[in-house]
Structures are given as structure tokens and as C-alpha cells.
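Report on the following structure.
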Amino acid sequence: MTRREEWLRRQRRRATLIATASTTFVVLALVILVPRAPGWDDVKKTFFDQDRFREDFWTLLGYLWVDIKLFLTCAPFIVVWGLGLALMRNTRNPALFPLRAFAAAYTDILRGIPVILTIYLVGFGIPALGLRGEFTFLGFGGRWVSPYLWGCVALILSYSAYVSEVFRSGIEGVHESQRAGARSLGLSHLQTMRHVVLPQAGRRVVPPLMNDMLSLQKDVALLSLLGVVEVFRKAQTIKDRTFNFTPYTAAAVIFLLLTIPETRLVDWYSARHRKRTGGSVIG
2 MTRREEWLRR
12 QRRRATLIAT
22 ASTTFVVLAL
32 VILVPRAPGW
42 DDVKKTFFDQ
52 DRFREDFWTL
62 LGYLWVDIKL
72 FLTCAPFIVV
82 WGLGLALMRN
92 TRNPALFPLR
102 AFAAAYTDIL
112 RGIPVILTIY
122 LVGFGIPALG
132 LRGEFTFLGF
142 GGRWVSPYLW
152 GCVALILSYS
162 AYVSEVFRSG
172 IEGVHESQRA
182 GARSLGLSHL
192 QTMRHVVLPQ
202 AGRRVVPPLM
212 NDMLSLQKDV
222 ALLSLLGVVE
232 VFRKAQTIKD
242 RTFNFTPYTA
252 AAVIFLLLTI
262 PETRLVDWYS
272 ARHRKRTGGS
282 VIG
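Following this line, the structure appears as C-alpha cells:
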């Protein structure tokens with residue numbers, strides 16, 4: 002073991018001890034102080050009713066697949082469309098300036114509008130056009146006014162603007178010498194992007210891209226505003242029937258069970274990426 006590796010090991014051990022001590026202090030403070038609050042009994046009955054939680058948890062868990070299916074429907078389109086927008090922004094051909102301007106305007110507008118407003122505008126605005134007919138796609142089916150369809154479209158439109166900036170930062174992070182080397186070998190612009198720039202940019206953007214996908218998994222619950230029946234919407238229905246907020250607590254636990262493993266995966270990959278590229282992994 003080298004001196005640097007030994008030093009890093011000591012730093013990690015020290016950071017772990019400090020984190021454990023501070024976490025233990027905070028948890029003990031919460032356990033001791035919160036139950037002493039004057040309204041704790043009412044809060045416990047309203048938000049943490051054990052009987053309600055046991056009953057509602059399993060009911061809500063049955064709707065988790067809807068959230069997962071919505072995520073799996075949106076994610077591929079977001080990645081593909083976001084990459085397309087990034088390539089439009091990165092084009093250097095004067096003849097393709099309209100595409101570059103369109104991509105810039107698209108990202109400025111969609112990133113400037115809150116996701117919840119985009120969902121309202123698309124989810125209620127487009128069905129108001131009176132479209133007719135039916136569709137079947139990736140397990141979802143219904144009329145063209147279905148909130149499952151336009152809710153997904155709203156998320157795709159909004160998140161692709163953010164993802165395109167992630168891809169663009171990765172593309173622009175590839176050193177210009179890589180492009181020059183590709184041109185010296187006789188590669189065209191398209192071949193340079195395909196064989197030289199995008200493979201390097203792709204490795205750079207995986208950690209932030211995974212974070213965007215993690216946010217998407219949670220924001221799928223916003224489609225409940227359009228009437229999509231998933232975990233949050235079902236929890237809201239149970240709350241309205243029982244006048245108790247414990248279903249929201251159960252829904253929060255379900256989302257945590259889904260997102261915490263994904264978060265740990267993102268952290269592991271980010272640490273692995275930093276280690277491979279020479280960054281710090283302390284903390």
C-alpha cells in the first residue's frame with residue numbers, strides 16, 4: 002500500500018466516524034425532542050397510524066407498477082430526444098442554423114417553465130382540441146385524450162430540455178484536439194461525432210444523466226394531477242375517504258424503497274467514475 006493510499010484510507014475512516022457520530026446525535030435529538038411537542042399525539046394519529054399504514058401500504062404497493070411503467074415509457078424518449086437537441090445545439094454547419102436556434106429556444110422555454118405547469122398545459126390543453134380515436138402503446142391504451150398519453154408527452158418535453166443540456170455539456174467537454182485528430186484521419190463531421198466525440202461524452206454524462214432519471218422516477222407522481230391513478234393518486238383517494246394522512250406516509254415509504262437503491266447506484270457509479278478519472282473519492 003502506497004503512502005497516498007494509506008492516507009486516503011485514514012481520511013475515509015475519519016469521515017465515517019464523524020458521519021456516524023453526527024447522525025447518531027441528530028437521530029437521538031429527534032427521538033427525544035419530537036415526542037415532547039404539544040401536538041405530537043395528534044400528529045402521530047393523523048400521519049403515523051399503524052393500523053392504517055399496514056392496510057394502506059399493501060394497497061398502494063399494487064399501484065407502484067403504474068409509476069414504473071410510466072417511467073419506462075418516458076425515459077427512452079427523453080434520452081433520444083435530449084441527445085437530438087444537444088446535437089442540434091452543437092452543429093457547426095451554417096446551413097443548419099435554424100435547427101440550432103430551434104434547440105436553443107426549446108431548451109430555454111421548457112427549462113424556464115416548471116414541470117407542473119407543462120403537465121397542466123399539455124395534459125389539459127391538447128385533449129381540449131377534441132382529438133378522436135384510440136391508441137395502444139407499451140401497455141397503455143385508450144382514447145387520444147388519455148391523461149396517460151399526454152402526461153407522458155409533457156414529461157418527455159420537459160425533461161428532454163434538461164437532458165439535452167447534460168449531453169451538450171458532455172459533448173463540449175471533449176477536447177478540441179479529439180476533433181482535430183479525427184479530421185486529420187479524414188473523418189467527416191458525422192463520423193467524428195459518432196466514433197470519437199459521442200463515446201467520450203457518453204461516459205462523462207452518465208452520472209448526471211442517472212440523477213435526471215432518478216428525478217423523473219419521482220416526478221411521475223405529478224401525472225396524478227391529470228387523473229392518472231398511481232401511488233400518489235390512490236393515496237389521495239384513501240385520504241379523502243378516511244380523513245387521515247397516513248396513506249401519504251405509506252406512499253412516501255414506497256417511493257423511498259424505490260428511489261434509495263437507485264440513489265445508491267448513482268452514488269456508486271459516480272464514485273467509480275471519479276476514481277477512474279482521477280477525482281477525489283473521500284467523503
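According to our numbering, the sequence shown is numbered sequentially starting from 2.
C-beta: ideal position from N, C-alpha, C; glycine also.
{"Query": "Here's the rule: buried if 16 or more other CB atoms are within 10 angstroms of the residue's CB, otherwise exposed. What is Val206?", "Result": "buried"}
{"Query": "Since Val154 contacts Val123 with CB under 8 Å, what's their CB separation in whole angstroms?", "Result": "6 Å"}
{"Query": "Cutting at 8 Å between CB atoms, please list the residues of its own chain near Met89, excluding the five before and the five after it.", "Result": "Leu97, Leu100, Arg101, Phe103, Ala104"}
{"Query": "Residues in the same chain with beta-carbon distance under 7 Å from Arg112, minus the five sequence neighbours each way, listed in chain order, please.", "Result": "Ala162, Tyr163"}
{"Query": "Could you tell me whether the Cβ atoms of Val167 and Leu210 are closer together than 8 Å?", "Result": "yes"}
{"Query": "Using only alpha-carbon positions, find the residue among Phe233, Asp220, Glu263, Leu65 that is nearest to Thr1.", "Result": "Any property of residue 1 remains undetermined from this structure, which presents the chain solely from 2 to 284."}
{"Query": "Quick one: give me the first and last residue of the alpha helix (DSSP H) that Thr60 is part of.", "Result": "51-62"}
{"Query": "So, with DSSP's three-state summary, where would you put Glu231?", "Result": "coil"}
{"Query": "Taking a contact to mean a Cβ-Cβ separation below 8 Å, would you say Leu224 touches Gly126 in this structure?", "Result": "no"}
{"Query": "What's the gap between the Cα of Thr17 and the Cα of Val27?", "Result": "15 Å"}
{"Query": "Could you spell out where the alpha helix (DSSP H) holding Ser170 opens and where it closes?", "Result": "148-173"}
{"Query": "Over what stretch of residues does the alpha helix (DSSP H) that includes Ser178 continue unbroken?", "Result": "177-185"}
{"Query": "By Cβ distance, which residues of its chain are closer than 6 Å to Ala183, with the 5 residues on each side in sequence left out?", "Result": "Thr193, Val197"}
{"Query": "Quick one: is Tyr160 buried, meaning 16 or more other Cβ sit within 10 Å of its Cβ, or exposed?", "Result": "buried"}
{"Query": "CA-CA distance, Ala129 and Ala272?", "Result": "47 Å"}
{"Query": "Between Val221 and Leu71, which are expected to be in contact by the criterion C-beta below 8 Å, what is the C-beta distance as a whole number of angstroms?", "Result": "5 Å"}
{"Query": "Under a Cβ-count criterion, where at least 16 other Cβ atoms within 10 Å of its own Cβ denotes burial, should Tyr149 be classed as buried or exposed?", "Result": "buried"}
{"Query": "Can you look up Ala106 in the DSSP assignment and give me helix, strand or coil?", "Result": "helix"}
{"Query": "Where does the unbroken alpha helix (DSSP H) through Gly131 begin, and where does it stop?", "Result": "That residue, Gly131, is in no alpha helix (DSSP H); it is neither H nor E in DSSP."}
{"Query": "Exposed or buried, Glu7, counting other C-beta atoms within 10 Å across all chains shown (16 or more means buried)?", "Result": "exposed"}
{"Query": "Since Asp50 contacts Asn245 with CB under 8 Å, what's their CB separation in whole angstroms?", "Result": "6 Å"}
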